[in-house]
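The structure appears right after this line, and notes come after that.
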Amino acid sequence: MLRKGKIILIISLILIILGFITIYFTGGKYYLFRQIIFFLIGLFLLNLAIRISLKVVFDLSGYWYLFSIILLILVLFLSKNNAKRWLDFYFFTFQPSEIAKITYVLFLAYFLSNQKKFDFNFNSLFLPILITLLPIFLILIEPDLGSAFSFLFIFAVLLYFRGFSFLKIFILYSPLFSFIFGFSLLTWIIYFLVLIFIAFRKNTVFYGFGVLAINSFFGLLNPLIWQHLKEYQKERIIAFLAPYLDPKGMSWSAIQAQIAIGSGRILGKSFSHPPLSRLDFIPNPHTDFIFATYSEKFGLIGVIILILLYFLLLYQIYQYITKNIDLKYQLTIAGLGAIFLYHIFVNLGMVSGILPVTGLTLPFISYGGTSLISNLIIIGLILNLINQ
Amino acid sequence: MKRKFKNFIIFTSLLFLILFSRVFYLQVLKGERYEKLAYNQRIRKVILRAPRGKIFDSKGLLIADTKLSYNLSILPQEIDTTFIFQYLPKILNIDVNNLREKIKEYKNYPYPILIKRNLSKEEIIKLEENLIFKQGIRIEINPRRVYPFKNVSSWAIGYLNETSKEDLNKDTLYNVGDLIGRYGIEGYYEKILRGKNGIALIEVDARGKEIQPFSEAKEIPAIPGADIYLSLDINLNLFCDSLLNNYLAGLILGVEPNTGRIIIFSGKPNFDPNIFLGLDYKEWEKLIKDKRKPLFSRIVAGVYPPGSTFKPFIVLHALNKAIIDKKSHFSPCYGQYKIGKRIFKCWQSHGSLNLIDAIAYSCNIYFYQLGIKLGLKEILKLIKDLNISKKTDIDLLEEINSRVPNYQTAPLGKVANLAIGQGELALTPIKLAELYCGIFNNGFIPHFHFLDSIKNTKFFHKDFLDSLIKKNILKVVINDNQETIYQYLNNFYQIPFPQEAIEIVKEGLLAVVEKGTGRNAKVIGLKIYGKTGTAQNPFGKDHAWFVGYAQKENKNLLLVILLENVGTGGAYAAPIAREIFSRYFSEYVAQRENNFNN
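Chains as they are written, first to last, in the working numbering: chain X, 36 to 423; chain R, 458 to 1055.
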């Protein structure tokens, strides 16, 4: 029945099996068993996603989007955890933000492709930005910084494939960058010099000055707001937005994860050797930090295989964009692929210590029902799209 | 789209290349070192305990200091249990069961667990002798609290003891083995005095020996707590303690009515806060089980019938209501007085007295009649006007409410008794001091406090400081050395009595010391006001009260003295006031020969 995309399915299955093995090492039989159950449920939903009529998917995408927004609001009220990310059901927990990413992509792709004239101006961008900021805002309250930022990345990728140049996207995001670089005067000046160069390239003088003015404003906001806060207020905001950070300021789990990765060396550790994660040095060793155990067991060879598999998966997905298909489909594929790319990069970056600890899963590998099932649904949707 | 696809794949490749180089760095370049760290060595996370802030008295003397001590910690995952359970309790004289429990409770705690503080030299030598067993044990150098004045003012200073599991859950700033202020100023200002612990990572070899600091992560240094300056004069308190030496139980409270600063907070029996710091359970239990209750801060947590010390307030109210004036007389005192069928007694036969003399000689019969004339309703209103049921809100957590009558009607006998401060009325000494401050500070009652100022505050103290600033208790001052100092703001509230009434009462209180029951408090060269009292005690001898006040130039002091189970206030408590006043105002007082010189 599948004419195209068999490779995508095969790569996903290989990744899931690698995940099974690693989950067995870190969590034992119990978690492996549960993950297999999730996998079976996921396979069923994947099947549905392949077969579902795309007319239903896109014509109702506004409702899908609204539905996930409602879930994101519900989770704020119903979650009993400290971080309000999960809805608790009797035998598993469910993370609405994972589903929200998918429905967001569907709705935004549908919305962007339906606009006949799409340019870098207020009329074109106002609604898409609103559609993006709404889930970001709700997820920031949970709080889950990692997931919230994923929407910014997905939005950028969709804009890129909708026809925006890299520079235009950069200028659109520049107030945010300006705010972030405002932490220190030096970084901000360097950033601003680069921005001057970009803003006046290909643009009118009037337009260029506008960009610079807005950026100056957001750049100033940082010292005005942030640096005016008292030390303890800053500490509280950081603790709120990034609860995974060690409250004592030293990222113990990140250090342990790096040692675990390093100890795998080139060939990995023998399977009889109990992994470090068993020693309770690493929190969530079978979920967010599973890459630590994976690379300890399989070594650099294993990591190369994993990265190549991910690359191949993304390559296979994105190559269908070049095929002569509906713009709506192209954008959806780009957006769904972006979800994977974001998760892979942020998770591996976090575990290997180049990004802050945020709490995102590694697609197909990490233990977790919502994560695995939503990944399989994404694969199903992509297969559905490319087989039209 | 082809170009876009190509660019996007290049972008993706770049991201993956970054990840790959990072893993390559960790597994190939750092691999050997990390493998060693993972399997032969470990990284041990240890706490750098923060020194507590210091406490100074008003003259700058250290009341609570921080020094260093050797402590023993163990790492439950690494210990040799035979050694720990068989030899350690013997060497260190600690309880095996406690040790077992503690190790069980904190088995998965990520830091070494503190077992014994303040190791002696002998103990350290014994530990070193058993070096082969040393796996999993650590001798750490930690800050240690020292109270150089030992028992002096211990009810005010309070004590520390070990954080409980509850404390640890409630506040992440604490680690197992930290000390927390429980009582007194140590307890009330815990959030100011405490510091913030630091963390160090240390590489440890397979045998548990510490090799070097882990270089990939910076150590987080400990931050000391803020320093507190108190209004207490610790040397004066030492002197007061010596005055109480002859008594089993008693208390002396000294405050400045025009500021509310507590100068003297002395009491017996008291305790030595140093003994709480050694984790010596036997000493601890001894203190808790002591029948004399040395941990019981009688000044703020004990309630006593005010006795005759309450009479001036009855007068205030009667003057205010214009029921009597300065010259009012009642039926003369013949030593006893009949109300209904019961006979009420006075301690002497005073004859006919005017108001001033009735106060001076503390005539009960005068006050029985005044009380009955005033009526129960008015006395209850007085008690309400004086806010007796409210706490003084001094900066101590132990303060309790005074007891006030809870009835609306009563037989005349009860009313008469209430007028002389007996019956259902029972005040904490601190509350009585507050009421008298109202008289000597012209109707303005100060908010009592020990705290003068706070220095060397850190960012993590901010929350507590802000809450005090919000309540208008502290203000921020920058001094000449550009230090930020949090200073106490004196606060007052007014009691509803006219100035003339207060002046008449003051005249009476002056007469108490000049010619009345408080003659023993008299100091030549000083104008001393006072009131004696005897609190009836159904369990034994009466308690002796004396409240005294003196003022000279800008110095002023109100004393409340209570001696338990000795007899009358005039005979026992008033002489103590004399000694304290002559010392406190020594520059104005002609030196007498047998003055206390210690």
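For every residue, glycine included, the Cβ atom is placed at its ideal position computed from N, Cα and C.
- Taken in chain order, the complete beta strand (DSSP E) segments of 3 or more residues contained in the stretch 598 to 644 of chain R are 617 to 619 and 636 to 638.
- Residues of the stretch 502 to 534 of chain R with a C-beta atom less than 7 angstroms from some C-beta of chain X are Lys502, listed in chain order.
- Looking from the CA of Gly254(X), the closest CA among Tyr350(X), Ser213(X), Ile189(X) and Lys90(X) belongs to Ser213(X).
- DSSP, read as helix, strand or coil, puts Gly652(R) in coil.
- Residue-level contact by beta carbon fails for Ile45(X) and chain R, as no gap is shorter than 8 angstroms.
- Taking a Cβ-Cβ threshold of 8 angstroms, the residues of chain R close to Ile294(X) are Tyr491, Leu494, Ala495 and Ile500, in chain order.
- Sequence-distant Cβ neighbours of Phe188(X) in its own chain, meaning closer than 7 angstroms and more than five residues away, are Ala373 and Tyr377.
- Around Phe921(R), the same chain offers Lys648 and Ile649 as residues with beta carbons nearer than 7 angstroms, after the five sequence neighbours per side are excluded.
- Between Gly403(X) and Thr396(X) a beta carbon distance of about 6 angstroms is seen, short of the 8 angstroms cut, so the two are scored as contacting.
- Minimum Cα-Cα distance from Tyr242(X) among the listed residues Gln293(X), Lys203(X), Trp287(X) and Phe218(X) corresponds to Lys203(X).
- Residue environment analysis places Ala779(R) among the exposed positions, since fewer than 16 neighbouring C-beta atoms fall within 10 angstroms of its C-beta.
- With at least 16 other beta carbons inside 10 angstroms of its own, Tyr704(R) counts as buried.
- Inter-segment contact for the stretch 930 to 946 of chain R and the stretch 739 to 754 of chain R is absent: fewer than three beta-carbon pairs are separated by less than 8 angstroms.
- Val240(X) counts as exposed, since fewer than 16 other C-beta atoms from the protein chains shown sit within 10 angstroms of its C-beta.
- What Lys461(R) touches in chain X, judged by beta-carbon distance under 8 angstroms, is Tyr195, Phe196 and Ile356, going in chain order.
- For Thr885(R), the secondary structure class from DSSP, reduced to helix, strand or coil, is coil.
- Under the 8 angstroms criterion on CB atoms, Gly488(R) is classed as interfacial with respect to chain X.
- According to the DSSP assignment, Pro163(X) belongs to the alpha helix (DSSP H) that extends over Phe157 to Ile176.
- DSSP lists Ile935(R) as the beta-bridge partner residues of Thr941(R).
- Against Trp287(X), the close residues of chain R are Lys502, in the order they occur along the chain (beta-carbon pairs closer than 7 angstroms).
- Within chain X, no C-beta atom comes less than 9 angstroms from the C-beta of Phe606(R); the nearest is roughly 34 angstroms away.
- If you ignore the 5 residues before and after Thr61(X), its C-beta comes within less than 6 angstroms of the C-beta of Ser312, Pro320, His321 and Thr328, all in its own chain and listed in chain order.
- Counting every other CB atom within 10 Å of its CB across the protein chains shown gives Ile356(X) a total of 16 or more, marking it as buried.
- The alpha carbon of Lys848(R) has as its nearest neighbour, out of Ile857(R), Ile840(R) and Lys841(R), the alpha carbon of Ile857(R).
- A Cβ of chain R is located within less than 8 angstroms of the beta carbon of Gln365(X).
- Taking Ala867(R) as the centre and dropping the five residues before and after it, the same chain places the C-beta of Leu833 closer than 7 angstroms to its C-beta, in chain order.
- Closer than 8 angstroms to the CB of Ile389(X) there is at least one CB belonging to chain R.
- Under the three-state reduction of DSSP, Gly517(R) is assigned to coil, being neither helix nor strand.
- According to DSSP, residue pairing for Gln669(R) in a beta bridge involves Glu660(R).
- Taken through DSSP and simplified to helix, strand or coil, Gln793(R) comes out as strand.
- Within chain R, Gln484 have C-beta atoms less than 7 angstroms from the C-beta of Gly299(X), given in sequence order.
- Within 8 angstroms of the CB of Ile1018(R), no CB atom of chain X is found; the nearest one sits about 44 angstroms away.
- Distance from the CA atom of Ile981(R) to the CA atom of Lys1009(R), rounded to whole angstroms, is 13 angstroms.
- The beta-carbon of Phe921(R) is placed no less than 8 angstroms from the nearest beta-carbon of chain X.
- Contact of Ala758(R) with chain X by beta-carbon distance below 9 angstroms is absent, the smallest such distance being about 34 angstroms.
- Counting only Cβ-Cβ distances below 8 angstroms, Ser159(X) has no contacts in chain R at all, with the closest Cβ about 18 angstroms away.
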